[in-house]
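The numbering of the sequence shown is my numbering, which starts it at 95 and goes up by one. Don't be surprised by glycine CBs; every beta carbon is placed ideally from N, CA and C. These notes are about the structure you will find just below.
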Amino acid sequence: MVKLYNDGRRITAALSGDIDHHAAREMRRELDEVIERSQPEMLIIDMEKVGFMDSSGIGLILGRLRAVRACGGDIIIKNARPEIAGVIRLSGLAGLLVEVTEGVK
């Protein structure tokens, strides 16, 4: 599930639930719509309520990173659980993002 908060050209996408192949498809659709419509300078992905993420989540983030950068923006990941932040770091994706912050354990 995705809840979107729009503050001009800064958009916060609060994700919740598990991010697997099926969930990523719906999240991708919602995020692509808002990126195309708003052309954000910053997309903040709040992962506080994400319990699990597999490689589909990495693909979800990477695809949105390309889309946001195409319009001159960037992505911040915030409040990721330590295990999810670890997956992001191990994938090499963390080095492409502005920031990845962990939430509480």
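With Val144 as the anchor, note down where its beta strand (DSSP E) starts and where it stops.
As a working note, residue 144 is residue 50 in the sequence shown. Segment 136 to 147, the beta strand (DSSP E) holding Val144.
Could you tell me whether the Cβ atoms of Ser110 and Ile152 are closer together than 7 Å?
Locating residue 110 in the sequence shown gives position 16, where the first residue counts as 1. Locating residue 152 in the sequence shown gives position 58, where the first residue counts as 1. Going by C-beta atoms, Ser110 is not nearer than 7 Å to Ile152.
Out of Val192, Cys165, Ser149, Asp126, point me to the one whose CA is closest to His116's CA.
What you label residue 116 is simply residue 22 of the sequence shown in a count that begins at 1. Closest by C-alpha distance to His116, out of Val192, Cys165, Ser149, Asp126, is Ser149.
Tell me where the beta strand (DSSP E) around Arg183 begins and ends.
Along the sequence shown, one-based indexing puts residue 183 at 89. Arg183 -> not in any beta strand (DSSP E); alpha helix (DSSP H) instead, spanning 176 to 185.
Can you tell me which of the three DSSP states Arg104 falls into?
As a first step, residue 104 is located in the sequence shown; it is residue number 10 there, counting from the start. Arg104: strand per DSSP, three-state reduction.
Using the Cα positions of Leu190 and Arg119, report the straight-line distance between them to the nearest angstrom.
Position 96 of the sequence shown, counting from 1, holds the residue named residue 190. Position 25 of the sequence shown, counting from 1, holds the residue named residue 119. Spanning the two alpha carbons is a distance of roughly 22 Å.
When DSSP labels each residue in this structure, what does Gly111 get in the three-state scheme?
Stepping through the sequence shown from its first residue, residue 111 is reached at position 17. Residue state, collapsed to three classes: strand.
May I ask you to list the residues that DSSP assigns as paired with Leu156?
Along the sequence shown, one-based indexing puts residue 156 at 62. Answer by DSSP bridge pairing: none, since Leu156 is not bridged.
When we look at the beta-carbon of Met95 and count the other beta-carbons within 10 Å, is it buried (16 or more) or exposed?
Within the sequence shown, numbered from 1, the residue matching residue 95 stands at position 1. Exposed: under 16 other Cβ atoms inside 10 Å.
Measuring CA to CA, which of Leu98, Thr195, Ala108, Ile138 is closest to Gly180?
Numbered from 1 along the sequence shown, position 86 holds the residue referred to as residue 180. The option with the nearest alpha carbon to Gly180 is Thr195.
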